[in-house]
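**Student:** Residue numbers for the sequence shown follow our numbering, so the first one is 96 and each next one is one higher.
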Amino acid sequence: MSQRMHQWTFERPRAPALGLMLALGLWLLVGCQGQVAAPESRPIVWAEVDGPITATTRDYLTRVLNTARRHHAQVAIVRLNTPGGTLDATEIIIQRMRASPVPVVVYVTPEGAMAGSAGALIVLAGHRAYMAPATVIGAATPIGVSGQDLDPTLKAKTTNILAALARALAEPRGLQAQAAAARMVTEAHALTAAEALEVGLIDGILPDEAALLRELDGQTIATQHATVTLRTERAPQITVKPLLVERVLALLTNPNLVLLLLSVGVQLILIELSSPGGWFAGFLGSLFLILAIYGLGFLPVNWTGLLLLGLAFVLFVLEVKKAAHGLMALAGAGTFVFGALLLFNTPLALPGQRLTWWWALAVGLVMAGLTGAAMRLVWRAREVPVLTGAQATARLVGRTGWARTDIQPGLRGGTVYLQGELWSARLARGARPIRAGEPVRVVAVQGMYLIVRPVDERGKFEVRG
96 MSQRMHQWTF ERPRAPALGL MLALGLWLLV GCQGQVAAPE SRPIVWAEVD GPITATTRDY
156 LTRVLNTARR HHAQVAIVRL NTPGGTLDAT EIIIQRMRAS PVPVVVYVTP EGAMAGSAGA
216 LIVLAGHRAY MAPATVIGAA TPIGVSGQDL DPTLKAKTTN ILAALARALA EPRGLQAQAA
276 AARMVTEAHA LTAAEALEVG LIDGILPDEA ALLRELDGQT IATQHATVTL RTERAPQITV
336 KPLLVERVLA LLTNPNLVLL LLSVGVQLIL IELSSPGGWF AGFLGSLFLI LAIYGLGFLP
396 VNWTGLLLLG LAFVLFVLEV KKAAHGLMAL AGAGTFVFGA LLLFNTPLAL PGQRLTWWWA
456 LAVGLVMAGL TGAAMRLVWR AREVPVLTGA QATARLVGRT GWARTDIQPG LRGGTVYLQG
516 ELWSARLARG ARPIRAGEPV RVVAVQGMYL IVRPVDERGK FEVRG
């Protein structure tokens with residue numbers, strides 16, 4: 096009994112304090128929950144993917160998701176218009192979207208846009224998916240990076256893996272959606288927005304972003320981390336734009352730009368090889384070729400077209416070397432245009448990946464024109480009489496250059512730079528010493544030495560004997 100009384104009297108004074116602590120904790124918990132449960136004060140993050148899915152797209156969307164998490168956004172919305180892209184970049188994008196604590200909504204827009212190939216899987220990976228009218232989704236059959244068919248065994252393995260991935264992503268949408276998702280991979284099946292909605296691949300068809308925000312308002316979306324109720328009506332909005340380097344790399348998936356870089360790069364390298372000694376033309380040409388090869392990696396190309404382009408460049412070089420009176424230049428221009436059109440306009444090329452014929456013609460004519468300009472320079476060089484011995488050195492008298500070293504009186508002399516060449520030089524009798532960097536004028540030639548004086552001096556000078 097006494098022990099019980101002791102225990103009771105020991106615990107009793109703590110009860111009010113414990114109750115106060117519980118009340119305070121409950122108040123803080125409710126307050127914190129109230130703060131988190133006010134999504135209208137949390138921003139909406141917007142992103143836009145318009146072009147092939149590449150490593151650059153992967154890095155951009157990763158930055159978008161990091162921005163959404165850092166700003167405690169209630170939702171990230173990706174506007175999508177893509178013909179497809181690389182499998183490795185797509186897999187990483189899907190993984191990061193599904194692991195994002197911020198819900199991701201994918202919206203295929205504007206009208207006429209597509210979520211082709213890899214883009215279809217990205218749509219399925221979104222926590223919500225919507226499409227604008229007159230848009231399409233599907234045709235996700237795997238092909239090689241250059242548009243060629245895969246080896247049958249590799250194609251079967253890749254197709255089965257992607258079909259299973261598509262079914263897994265569409266699993267929350269029901270059996271009909273799973274079957275349609277699998278057919279997009281195994282049969283290259285494509286669906287309109289209405290057809291995709293009918294089988295449950297998407298959540299709705301909406302005409303614009305305003306309608307999308309109205310549709311999302313009040314929806315509850317579950318991620319791997321939490322369940323979020325969206326309040327989009329008055330929420331602040333953040334648009335994450337691609338960085339300059341991301342925009343430049345994205346442009347390299349345009350076949351018109353790739354062709355230009357390829358052509359200019361080859362021309363600059365040919366210039367470097369024909370007149371060695373500099374470095375800028377060779378460096379710039381190599382850089383352009385590297386960028387062109389990077390772009391070719393994301394485009395469906397016909398390698399026969401690339402061989403024809405190589406033949407055209409050979410014809411241009413032969414025209415300069417052999418002076419075929421323009422015949423090889425014209426043949427090279429025709430081969431170039433035909434090869435360029437064949438290079439990019441494969442049956443697998445989508446509208447955004449096709450080369451326009453007028454651009455191929457324009458670049459071909461420019462290449463022929465540059466070859467013609469090089470031919471004129473060659474012909475002019477051939478018309479100049481070759482001077483040797485005293486004739487050549489006599490032409491140097493009266494020319495100006497500049498001293499590379501100090502030139503003192505005496506037989507030792509120094510060196511001067513004249514007409515792109517280094518010469519040994521001595522002072523004319525009576526001339527003052529010349530310092531390195533000063534302009535000089537040639538007054539005579541004596542054996543292998545130029546006799547020089549400072550340009551700023553006047554009068555007659557004797558030639559040292």
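The beta-carbon is built from N, C-alpha and C at its ideal position, and this holds for glycine as well.
Report the rounded CA-to-CA distance for G532 versus V550, giving the unit in angstroms.
**Tutor:** In the sequence shown, counting from the first residue as 1, residue 532 sits at position 437. In the sequence shown, counting from the first residue as 1, residue 550 sits at position 455. Rounded to whole angstroms, G532 to V550 spans 12 Å at the Cα level.
**Student:** Any contact of the region 289-302 with the region 136-143, i.e. 3+ C-beta pairs under 8 Å?
**Tutor:** Because the criterion of three Cβ pairs below 8 Å is not met, the region 289-302 and the region 136-143 do not touch.
**Student:** State the CB to CB distance for the pair I502 and V547, rounded to an integer number of angstroms; the pair is presumed to be in contact (CB under 8 Å).
**Tutor:** By 1-based counting over the sequence shown, the position of residue 502 is 407. By 1-based counting over the sequence shown, the position of residue 547 is 452. About 7 Å; that satisfies the 8 Å criterion.
**Student:** For the beta strand (DSSP E) that G211 lies in, which residues bound it at each end?
**Tutor:** Start at 1 with the first residue of the sequence shown, and residue 211 comes out as number 116. Note, G211: beta strand (DSSP E), M209 to G211.
**Student:** Using only CA atoms, which one of F375, T348, V409 and L382 lies nearest to P37?
**Tutor:** Within the shown structure, residues of the chain are numbered from 96 to 560, placing residue 37 beyond reach of any answer.
**Student:** Would the beta-carbon of A234 fall within 8 Å of that of A276?
**Tutor:** Along the sequence shown, read from residue 1 onward, the residue named residue 234 stands at position 139. Along the sequence shown, read from residue 1 onward, the residue named residue 276 stands at position 181. Contact flag unset, no.
**Student:** So the alpha helix (DSSP H) D154 belongs to, where does it begin and stop?
**Tutor:** As a first step, residue 154 must be located in the sequence shown, where it is residue number 59. Taken as a continuous stretch (DSSP letters only), the alpha helix (DSSP H) holding D154 covers A150 to R165.
**Student:** Within the same chain, show all residues whose beta-carbon is closer than 7 Å to that of A184, passing over the 5 residues directly before and after it, in chain order.
**Tutor:** Translated into the one-based positions of the sequence shown, residue 184 becomes position 89. Contacts found: I148, T149, A150, T152 and R153.
**Student:** Tell me whether the beta-carbon of P228 lies closer than 8 Å to the beta-carbon of M209.
**Tutor:** Within the sequence shown, the letter at position 133 stands for residue 228. Within the sequence shown, the letter at position 114 stands for residue 209. No, the pair does not count as a contact, with Cβ atoms beyond the cut-off.
**Student:** What do you reckon, are the CB atoms on I366 and H166 nearer than 8 Å?
**Tutor:** One-based indexing of the sequence shown puts residue 366 at position 271. One-based indexing of the sequence shown puts residue 166 at position 71. Not a contact, by the Cβ cut-off of 8 Å.
**Student:** Using the Cα positions of L545 and G525, report the straight-line distance between them to the nearest angstrom.
**Tutor:** Translated into the one-based positions of the sequence shown, residue 545 becomes position 450. Translated into the one-based positions of the sequence shown, residue 525 becomes position 430. About 15 Å.
**Student:** What separation, rounded to the nearest whole angstrom, lies between the Cα atoms of A539 and K416?
**Tutor:** Along the sequence shown, one-based indexing puts residue 539 at 444. Along the sequence shown, one-based indexing puts residue 416 at 321. Cα-Cα distance, rounded: 38 Å.
**Student:** Figure out for me which residue from L450, G509, P350 and L456 has the closest Cα to the Cα of R521.
**Tutor:** Position 426 of the sequence shown, counted from the start, is the residue given in the question as residue 521. That would be G509, whose Cα lies nearest to the Cα of R521.
**Student:** Closer than 8 Å by C-beta to G515: which residues in its own chain qualify, once you throw out the five before and the five after it? Chain order, please.
**Tutor:** Counting from 1 along the sequence shown, the entry for residue 515 is found at position 420. Nothing meets the Cβ criterion.
**Student:** What is the rounded straight-line gap between the Cα of V343 and the Cα of Q541?
**Tutor:** Counted from its first residue, the sequence shown places residue 343 at position 248. Counted from its first residue, the sequence shown places residue 541 at position 446. Cα to Cα, the separation comes out at about 58 Å.
**Student:** Per DSSP, D145 forms a beta bridge with which residues?
**Tutor:** Start at 1 with the first residue of the sequence shown, and residue 145 comes out as number 50. Answer is N176.
**Student:** DSSP state of L357, grouped into three classes?
**Tutor:** Position 262 of the sequence shown, counted from the first residue, corresponds to residue 357. In the structure shown, L357 sits in a helix (DSSP, three-state: H, G or I).
**Student:** Between which residues of its own chain and M543 is the CB-CB distance below 7 Å, once the five residues before and five after are set aside?
**Tutor:** Counting from 1 along the sequence shown, the entry for residue 543 is found at position 448. Only S519 meet the Cβ criterion.
**Student:** Per DSSP, what are the beta-bridge partners of S519 in this structure?
**Tutor:** On the sequence shown, residue 519 is found 424 positions in, with the first residue counted as 1. For S519, which the question treats as bridged, DSSP gives the partners T510 and Y544.
**Student:** So, for N351: in the same chain, excluding its five sequence neighbours on each side, which residues have a beta-carbon less than 7 Å away from its beta-carbon?
**Tutor:** As a first step, residue 351 is located in the sequence shown; it is residue number 256 there, counting from the start. Result list for N351: L450, T451 and W454, in chain order.
**Student:** Are A463 and A428 touching if we call contact CB-CB under 8 Å?
**Tutor:** By one-based count along the sequence shown, residue 463 stands at place 368. By one-based count along the sequence shown, residue 428 stands at place 333. Yes.
**Student:** For I297, which three-state DSSP category applies?
**Tutor:** Translated into the one-based positions of the sequence shown, residue 297 becomes position 202. The answer is coil: DSSP assigns I297 none of H, G, I, E or B.
**Student:** Give me, in chain order, the residues of the same chain whose beta-carbon lies closer than 6 Å to that of E341; leave out the 5 immediate sequence neighbours on both sides.
**Tutor:** The count along the sequence shown starts at 1 and reaches residue 341 at position 246. For E341, where only same-chain residues beyond five positions count, the Cβ hits under 6 Å are T151 and Y155.
**Student:** Is T322 helix, strand or coil by DSSP?
**Tutor:** Counting from 1 along the sequence shown, the entry for residue 322 is found at position 227. Strand, per DSSP.
**Student:** If you count every other CB in all the chains shown that lies within 10 Å of the CB of A291, and 16 or more means buried, which is it?
**Tutor:** Counted from its first residue, the sequence shown places residue 291 at position 196. Buried, by the Cβ-count rule.
**Student:** Compare the beta carbon distance of T254 and T236 with 8 Å and say whether it is the shorter of the two.
**Tutor:** Taking the sequence shown and counting its residues from 1, the one referred to as residue 254 is at position 159. Taking the sequence shown and counting its residues from 1, the one referred to as residue 236 is at position 141. Cβ distance < 8 Å, so T254 and T236 count as in contact.
**Student:** Name, in chain order, the residues that DSSP records as bridge partners for Y202.
**Tutor:** Translated into positions along the sequence shown, residue 202 becomes position 107. Answer is R174 and Y225, bridged to Y202.
**Student:** Express the C-alpha separation of K252 and A194 in angstroms, rounding to a whole number.
**Tutor:** Here the question's residue 194 lines up with position 99 in the sequence shown. Here the question's residue 252 lines up with position 157 in the sequence shown. Whole-angstrom Cα-Cα distance: 26 Å.
**Student:** Nearest-angstrom Cα distance between L119 and R326?
**Tutor:** By 1-based counting over the sequence shown, the position of residue 119 is 24. By 1-based counting over the sequence shown, the position of residue 326 is 231. Its pLDDT being 49, under 50, L119 is placed unreliably in this model, and the value from its coordinates should be taken loosely. Those two C-alpha atoms are separated by around 29 Å.
**Student:** What would DSSP say about V343, mapped onto helix, strand or coil?
**Tutor:** In the sequence shown, residue 343 corresponds to position 248, counting from 1. In this structure, V343 counts as helix in the three-state DSSP scheme.
**Student:** Report buried or exposed for S358, applying the criterion of at least 16 other Cβ atoms within 10 angstroms of its Cβ.
**Tutor:** Taking the first residue of the sequence shown as position 1, residue 358 is located at position 263. The residue is buried, with at least 16 neighbouring Cβ atoms inside 10 Å.
**Student:** Over the uninterrupted beta strand (DSSP E) stretch that includes T230, give me the two end residues.
**Tutor:** Translated into the one-based positions of the sequence shown, residue 230 becomes position 135. Taken as a continuous stretch (DSSP letters only), T230 belongs to no beta strand (DSSP E), as it is neither H nor E.
**Student:** Going by beta carbon distance, what residues of the same chain come within less than 6 Å of T230, once the five residues before and after it are set aside?
**Tutor:** Working through the sequence shown from its first residue, we reach residue 230 at position 135. These residues qualify, in order along the chain: V203, A208 and A288.
**Student:** Should T495 and R530 be called a contact, given that it needs their Cβ atoms to be closer than 8 Å?
**Tutor:** Translated into the one-based positions of the sequence shown, residue 495 becomes position 400. Translated into the one-based positions of the sequence shown, residue 530 becomes position 435. Contact flag unset, no.
**Student:** Looking only at its own chain, which residues have a Cβ that is under 8 Å from the Cβ of D312, when we skip the five neighbours before and after it?
**Tutor:** Taking the sequence shown and counting its residues from 1, one reaches residue 312 at position 217. L325, R326, T327 and E328.
**Student:** Check whether the Cβ of A265 sits closer than 7 Å to any heavy atom of the ligand NAD, and report yes or no.
**Tutor:** As for the ligand NAD, it is missing from this structure, which has no ligand bound.
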